[in-house]
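Residue numbers (my numbering): 94 to 231.
Note that beta-carbon positions come from the ideal geometry of N, C-alpha and C, so glycine has one too.
One structure is given below, encoded as structure tokens.
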Amino acid sequence: MAFKQSHAIRLLDPSRETFGSIIGPDLEIFGKIVATKSLRIDGTIIGDVVTKHGADVCIALGKTGLVQGNIFGVRVLVAGRVEGNVHASERVELHSGADVHGDIVYAQIGIEHGARLSGKLSKIADKNASPENDLENS
94 MAFKQSHAIR
104 LLDPSRETFG
114 SIIGPDLEIF
124 GKIVATKSLR
134 IDGTIIGDVV
144 TKHGADVCIA
154 LGKTGLVQGN
164 IFGVRVLVAG
174 RVEGNVHASE
184 RVELHSGADV
194 HGDIVYAQIG
204 IEHGARLSGK
214 LSKIADKNAS
224 PENDLENS
């Protein structure tokens, strides 16, 4: 008797995001990135990724993406590798295959089976708190 797998278990509902910019898998950027609209990263960034103050910006790191630096955003979705801290004033999602080597500061968090974290998790009490202020005060 053969068993057919009819559906996969989904721990996180897919986020409905639109991206103003995409950094492709063949692109490597050195320096600080300031995003004013949502950004998808499939390439490599060596430097921090930050969002403009007051902007409702999502930073998504695809499976082929690598950030060697800190990430600051309202929503941060990770499926690739981060070598630095992640700060999200609203939500962090670590999808299967995510590999984070650093601390995570979040208001809400979702972690799928298969995601890896080497660092601390810290929940921020006030959802409207600025992640940049959390870093400066630590």
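- Per DSSP, the continuous beta strand (DSSP E) segment holding Ser182 begins and ends at Val179 to Leu187.
- Note that the C-beta distance between Glu176 and His188 is not below 8 Å.
- Bridge pairing for Gly166: Ala181 [DSSP].
- Per DSSP, Phe123 is one residue of the beta strand (DSSP E) stretching across Glu121 to Phe123.
- For a cut-off of 8 Å, the C-beta gap from Gly113 to Ser131 is around 6 Å, short enough to register as a contact.
- Within the same chain, and ignoring the five residues on either side of Ile139 in sequence, the residues whose Cβ sits closer than 6 Å to its Cβ are Phe123 and Gln161.
- In the DSSP secondary-structure assignment, Asp192 is bridged to Arg174 and Arg209.
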